[in-house]
Amino acid sequence: MGIEETARALAEIGFGEVYLRRRVSVDKRKLLEEHFNSFKDCTKCPLHKHRTQVVFGDGNPNSPVVFVGEAPGEDEDRQGRPFVGRAGKYLNRKIEEVLGLKREEVYITNVCKCRPPGNRKPTPAEINACFPYLKRELEIIKPKVICCLGATAAEGILGKKLSVTKVRGKTFSYPYDSSIKVLLTYHPAYILRNPTADRDFTEDMERLRKMIR
Ligand code: SF4
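Just so you know, we're using the numbering used here here: the sequence shown kicks off at -1 and counts up by one.
Structure (structure tokens):
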């Protein structure tokens, strides 16, 4: 049993709850910081040529859910944080209204950590080049659920092409850790362009709320 499982098991029987939870939290933050520092100057794929900065994941490393998007857009590239533009505001609202959580209480990241020029979709080669960084991020956080926002995130996480309109709301197992569930839904930017899809997205968030209880 690893330190996280031991901490959780002891906390469940009321033993040293505060102390152990704080240690787990500190360790994960430290590990993430070390991880991000290891690739902040990455030039593994052509996206490095156009970025202002590498955009790391953001939020609570003890979150039961990790939201994974496609890649940083213009606002994210400038501010160095994922999902800070209009799509991010929509996502924050749903996290609050449906999950009953604040943005800082969950963890949000992207499949590609650098902004593709003109906000184009990252290529499969760029997704593959960047995936080991996301894989390590998820290994450190070990959430209950990975919520893929859009087809690119789903392709990166599951390693296969999927039509989100056909499989949204469905759950899969994460290929690198079957104890982690993967839920697929639309990218918030898609909802902004197609407001009628808001109902489906809300339904998926309700499903997610039950999964992370
Ligand atoms: S997108 Fe990922 S692999 Fe490509 S340069 Fe940025 S950090 Fe490196």
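A virtual CB, placed ideally from N, CA and C, is assigned to each residue, including glycine.
Reduced DSSP secondary structure (H/G/I, E/B, other) of residue i
| i | result |
| --- | --- |
| Lys179 | strand |
| Gly78 | coil |
| Asp25 | helix |
| Gly212 | Any property of residue 212 remains undetermined from this structure, which presents the chain solely from -1 to 211. |
| Val83 | Note on residue identity: the sequence assigns Gly, not Val, to residue 83. The answer is coil: DSSP assigns Gly83 none of H, G, I, E or B. |
| Gly55 | coil |
| Leu160 | coil |
| Lys100 | coil |
| His48 | coil |
| Asp73 | helix |
| Arg191 | helix |
| Asn60 | coil |
| His33 | helix |
| Pro186 | helix |
| Arg115 | According to the sequence as given, residue 115 is Pro; it is not Arg. DSSP places Pro115 in helix when its eight states are reduced to three. |
Buried or exposed (CB count within 10 angstroms, at least 16 for buried), residue i
| i | result |
| --- | --- |
| Asp56 | buried |
| Asn35 | exposed |
| Pro173 | exposed |
| Leu116 | Note on identity: in this sequence residue 116 is Gly, with Leu being the wrong assignment. Label assigned to Gly116: exposed. |
| Glu74 | buried |
| Pro122 | exposed |
| Asn192 | exposed |
| Pro59 | buried |
| Asp202 | buried |
| Thr150 | buried |
| Arg20 | Note on Arg20: pLDDT 47, under 50, position unreliable in the model; the coordinate value appears next. Under this definition Arg20 is an exposed residue. |
| Pro120 | buried |
Residue range of the alpha helix (DSSP H) that includes residue i
| i | result |
| --- | --- |
| Phe199 | Asp196 to Met209 |
| Lys133 | Pro122 to Ile139 |
| Ile93 | Taken as a continuous stretch (DSSP letters only), Ile93 belongs to no alpha helix (DSSP H), as it is neither H nor E. |
Residue interval of the beta strand (DSSP E) (run including residue i)
| i | result |
| --- | --- |
| Cys146 | Val143 to Leu147 |
| Gly215 | Look at the range of the chain in this structure, -1 to 211, and you will see that residue 215 is not part of it. |
Beta-bridge pairing of residue i - partner residues as DSSP gives them
| i | result |
| --- | --- |
| Phe170 | Val180 |
| Asn108 | Gly67 |
Beta-carbon spacing of residue i, residue j below 8 Å
| i | j | result |
| --- | --- | --- |
| Gly67 | His185 | yes |
| Ile125 | Cys146 | no |
| Ile178 | His33 | no |
| Ile189 | Tyr88 | yes |
| Arg166 | Thr194 | no |
| Phe54 | Val104 | no |
| Thr107 | Arg76 | no |
| Gly71 | Arg118 | no |
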